[in-house]
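Colleague: These protein sequences, in sequence, are chains A and B. Residue numbering for the first sequence is 1 to 238, as defined by this note's numbering. Residue numbering for the second sequence is 239 to 476, as defined by this note's numbering. C-beta: ideal position from N, C-alpha, C; glycine also.
Number of protein chains: 2
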Amino acid sequence: MAPVNPNQHISHKFDEEMENLRNQVLKMGGLVEQQIRRAIDALRKLDMVEAEAVSGNDHYVNGLEVTIDEECARILVRRQPAASDLRMVVAVIKTITDLERIGDEAQRIAKMAINISGNDGVFHNRYLGLMHLSEHVIKMVHDALDAFARLDPDAAFAVIRDDEKADIEYQSVMRQMLTYMMEDPRTITESLDIMQAARALERIGDHAMNIGEYVIYLVLGKDIRHISIEDAERDVLT
Amino acid sequence: MAPVNPNQHISHKFDEEMENLRNQVLKMGGLVEQQIRRAIDALRKLDMVEAEAVSGNDHYVNGLEVTIDEECARILVRRQPAASDLRMVVAVIKTITDLERIGDEAQRIAKMAINISGNDGVFHNRYLGLMHLSEHVIKMVHDALDAFARLDPDAAFAVIRDDEKADIEYQSVMRQMLTYMMEDPRTITESLDIMQAARALERIGDHAMNIGEYVIYLVLGKDIRHISIEDAERDVLT
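This is how it looks when you write it as structure tokens:
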């Protein structure tokens with residue numbers, strides 16, 4: 001059963017490959033999002049079993065990164081994509097690097113959950129700031145993946161703007177922890193773990209922002225990294 | 239003056255472009271290495287002017303990242319490279335992302351220098367552990383760039399092995415700072431800054447290791463991320 005039009009067949013097959021590539025990124029993104037949620041849950045409930053599960057799942061994230069990377073190389077060699085297809089492949093190569101590092105940060109948070117539950121096994125109300133920060137950052141990752149799925153630059157810009165708020169929340173958690181440590185040096189070890197978790201969340205926010213920037217590059221062909229969000233929006237959206 | 243052999247001319251021009259690409263990466267790497275050195279110097283001498291200079295130079299690093307990224311996209315479109323040339327372009331795209339993030343970490347260290355000099359303006363001998371860590375990590379970055387320049391997988395493996403030692407030194411600095419904080423809560427703020435600087439150095443070591451992994455991918459065509467160094471060496475070097 002030879003195809004009627006081989007060119008069309010090849011092109012159709014290529015479309016399928018690109019579609020498949022995007023789906024794999026979204027699958028990896030979904031897994032990474034789940035890893036953050038579970039790590040934060042483990043921290044809130046001081047659930048060591050859950051924390052160990054997060055840690056154990058990290059190799060699935062890593063495996064997806066390697067598979068998708070290989071697929072990108074294969075497409076570059078065999079399809080020699082141009083214009084928007086090429087931008088998609090480059091954006092995918094970069095996006096999965098950030099997703100993999102988000103996975104690493106989730107693993108770090110899980111480790112903090114294990115540390116803290118090894119201390120006194122009580123989740124203190126004074127760590128509520130961290131929970132707010134985590135909700136904010138998980139939303140950023142979700143929105144960045146959504147912008148990638150819908151190829152929506154406006155949604156991507158919203159994620160980038162969100163990062164400023166995440167940074168403010170992060171600074172507030174850090175100041176709060178510093179105050180606790182000074183007031184009661186017995187809380188130092190635990191406060192340091194919370195600070196590390198907060199820093200991991202702040203980095204996750206940065207990675208989500210990076211993904212937003214790749215979406216804008218992908219859709220609009222503009223590299224807006226390293227310029228202010230105001231300049232970028234003026235430059236790109238007018 | 240038409241060329242005698244257009245094919246050869248094109249190929250020669252392409253070689254030049256690839257050579258130029260590598261040189262630009264090495265230039266960016268040299269700048270980033272200098273940024274870490276100067277940031278650490280600023281911290282040791284509590285030299286605010288030097289720290290501000292590091293912070294101000296970060297946009298050069300960012301500018302190089304954008305330029306090299308564009309050059310990579312241009313080569314992919316116009317040259318449609320295959321095999322080792324393609325691996326070089328992909329490795330460059332990834333390497334400059336890590337270099338740019340090393341630049342960000344250098345900026346973070348410079349910020350800590352500014353914070354600490356704003357406190358009591360004394361660099362305490364108890365921070366010598368951080369200096370050892372910094373020497374180790376700067377050497378890793380230097381060696382990773384050297385492995386990239388010489389396309390030397392053995393040197394790249396050495397960098398990856400070095401990261402374990404860096405992690406041990408990092409843990410030792412962190413434990414030491416924790417002890418100081420517990421003994422004398424008045425040192426908490428400053429110890430936290432030193433901890434942040436140590437964490438920045440530890441991340442720089444991770445980025446140097448990533449670059450080592452790209453060199454191995456580039457030269458040997460093997461993706462050794464996410465497997466143990468022992469397995470990788472057995473797999474690759476036999």
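Does any CB atom of chain A fall closer than 8 angstroms to the CB of B/M419?
Modeller: Interface residue, yes.
Colleague: Just the Cα atoms here: how many angstroms apart are B/R260 and B/V330?
Modeller: The alpha-carbon atoms of B/R260 and B/V330 are separated by roughly 8 angstroms.
Colleague: Determine, using beta carbons only, whether A/S11 comes closer than 8 angstroms to chain B.
Modeller: So no, A/S11 is outside the interface.
Colleague: Please specify which runs of the alpha helix (DSSP H), each continuous and at least 4 residues long, are wholly inside the stretch 11 to 80 of chain A, giving them in chain order.
Modeller: Here the runs fully enclosed are 48 to 79.
Colleague: From which residue to which residue does the alpha helix (DSSP H) around A/R126 run?
Modeller: Note, A/R126: premise wrong, no alpha helix (DSSP H); not H, not E.
Colleague: In whole angstroms, give me the CA-to-CA distance for A/E33 and A/E100.
Modeller: In a straight line, the C-alpha of A/E33 is about 11 angstroms away from that of A/E100.
Colleague: Can you check whether the C-beta of A/H59 is within less than 8 angstroms of a C-beta belonging to chain B?
Modeller: With 8 angstroms as the cut-off, A/H59 counts as an interface residue toward chain B.
Colleague: By the three-class DSSP mapping on this structure, what secondary structure does B/L439 have?
Modeller: Three-state result, B/L439: helix.
Colleague: Using 8 angstroms as the limit for Cβ to Cβ distance, is A/N115 near chain B?
Modeller: Cβ-Cβ to chain B under 8 angstroms: no for A/N115.
Colleague: Assign A/A42 to buried or exposed, taking buried as 16 or more other Cβ atoms, counted over all protein chains shown, within 10 Å of its Cβ.
Modeller: So A/A42 ends up on the buried side.
Colleague: So, is A/P3 buried or exposed, given that buried needs 16 or more other C-beta atoms within 10 angstroms?
Modeller: No answer about A/P3 holds up, because its pLDDT of 46 lies below 50 and its placement is not dependable.
Colleague: Based on Cα-Cα distance, which residue from A/D58, A/A166, A/R150, A/M88 lies nearest to A/D15?
Modeller: The candidate whose alpha carbon is nearest that of A/D15 is A/M88.
Colleague: Roughly how many angstroms lie between the CA atoms of B/A277 and B/D336, to the nearest whole one?
Modeller: Cα-Cα distance, rounded: 18 angstroms.
Colleague: Relative to the C-alpha of A/Q196, which candidate in A/G30, A/N62, A/Q171 has its C-alpha closest?
Modeller: Ranking the options by Cα distance to A/Q196, first place goes to A/Q171.
Colleague: Between the beta-carbon of A/L133 and the beta-carbon of A/A73, is there less than 8 angstroms?
Modeller: Cβ atoms of A/L133 and A/A73: not closer than 8 angstroms.
Colleague: Closest Cβ-Cβ distance between A/K94 and chain B: below 8 angstroms?
Modeller: Yes - at least one Cβ of chain B is within 8 angstroms of the one on A/K94.
Colleague: Can the beta-carbon of A/A156 be found less than 8 angstroms from the beta-carbon of A/I216?
Modeller: A contact, by the Cβ cut-off of 8 angstroms.
Colleague: Give the straight-line distance between the Cα atoms of B/R441 and A/D85, rounded to the nearest whole angstrom.
Modeller: Using only the alpha carbons, I get a separation of about 33 angstroms.
Colleague: B/V299 and B/M266: beta carbons closer than 8 angstroms?
Modeller: In contact: B/V299 and B/M266 (Cβ atoms closer than 8 angstroms).
Colleague: State buried or exposed for A/S191, treating a residue as buried only when at least 16 other CB atoms are found within 10 Å of its CB.
Modeller: Buried, by the Cβ-count rule.
Colleague: Along chain A, in chain order, which residues have C-beta atoms closer than 8 angstroms to that of B/H464?
Modeller: In chain order: H59, N62, G63, E65, V66.
Colleague: For the stretch 246 to 278 of chain B, which residues have a CB atom closer than 9 angstroms to at least one CB atom of chain A, in sequence order?
Modeller: Within the stretch 246 to 278 of chain B, no residue has a Cβ that lies closer than 9 angstroms to any Cβ of chain A.
Colleague: A/T179 lies in the alpha helix (DSSP H); which residues open and close that run?
Modeller: A/T179 -> alpha helix (DSSP H) spans 153 to 183.
Colleague: Under a CB-based cut-off of 8 angstroms, is A/L133 close to chain B?
Modeller: Chain B contact via Cβ: absent.
Colleague: If you count every other CB in all the chains shown that lies within 10 Å of the CB of A/E169, and 16 or more means buried, which is it?
Modeller: Buried, because 16 or more other Cβ atoms sit within 10 Å of the Cβ of A/E169.
Colleague: What's the call for B/A321, buried or exposed, on a 16-neighbour Cβ count within 10 Å?
Modeller: Answer is exposed; the Cβ neighbour count stays below 16.
Colleague: Please report the straight-line C-alpha distance between B/T427 and B/A382, rounded to a whole angstrom.
Modeller: Cα to Cα, the separation comes out at about 34 angstroms.
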